[in-house]
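*Asks:* One structure follows; several queries about it will come next.
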Amino acid sequence: MSCWEQGEKFLAEANLHQVGVLLLDMRMPVLDGHAVHEIMRQKASTLAVVFLTGHGDVPMAVEQMKRGAVDFLQNRCQPCRFRQH
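Each residue of the sequence shown is one higher than the one before, counting from 0 in numbering that gives the first Met the number 0.
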């Protein structure tokens with residue numbers, strides 16, 4: 000598991016053409032989740048995208064699902080942590 004705090008760093012460093020899942024926040028500095036997802040689509044990324052955000056709504060979720068996101072989850076835990084096993 001790898002983690003990036005900025006979308007532009009993720010796009011510069013990650014292999015977009017591998018099997019995997021990207022948990023993507025909608026609100027990030029510089030490039031937001033929508034912009035990162037769009038660039039991934041333009042580059043024909045094979046990563047599955049799951050949005051995880053505390054700032055989403057139904058129209059936003061529908062738009063991203065139409066653009067190929069696998070899921071759009073509301074983050075309700077504060078703070079939400081992922082553990083590496």
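Here a beta-carbon is modelled for each residue, glycine too, at the ideal position from N, C-alpha and C. Values in this document were obtained by computation on a predicted structure and should not be read as measured data.
Could you give the first and the last residue of the continuous beta strand (DSSP E) run that contains glutamine 73?
*Replies:* To locate residue 73, count along the sequence shown from 1; it is residue 74. Taken as a continuous stretch (DSSP letters only), the beta strand (DSSP E) holding glutamine 73 covers 70-73.
*Asks:* Buried or exposed: leucine 72, going by 16 or more other Cβ atoms within 10 Å of its Cβ?
*Replies:* The residue you call residue 72 lines up with position 73 of the sequence shown. By the 10 Å Cβ count, leucine 72 comes out exposed.
*Asks:* Below 7 Å CB to CB, which residues in the same chain sit around glycine 55 once its five sequence neighbours on both sides are set aside?
*Replies:* By 1-based counting over the sequence shown, the position of residue 55 is 56. The residues are Met25, Phe71 and Gln73.
*Asks:* Out of curiosity, what's the CA-to-CA distance linking proline 58 and glutamate 12?
*Replies:* Translated into positions along the sequence shown, residue 58 becomes position 59. Translated into positions along the sequence shown, residue 12 becomes position 13. So the two alpha carbons sit approximately 30 Å from each other.
*Asks:* Work out the CA separation of leucine 21 and valine 48 for me, nearest whole Å.
*Replies:* Within the sequence shown, residue 48 is the residue found at index 49, counting from 1. Within the sequence shown, residue 21 is the residue found at index 22, counting from 1. Approximately 5 Å between the Cα atoms of the pair.
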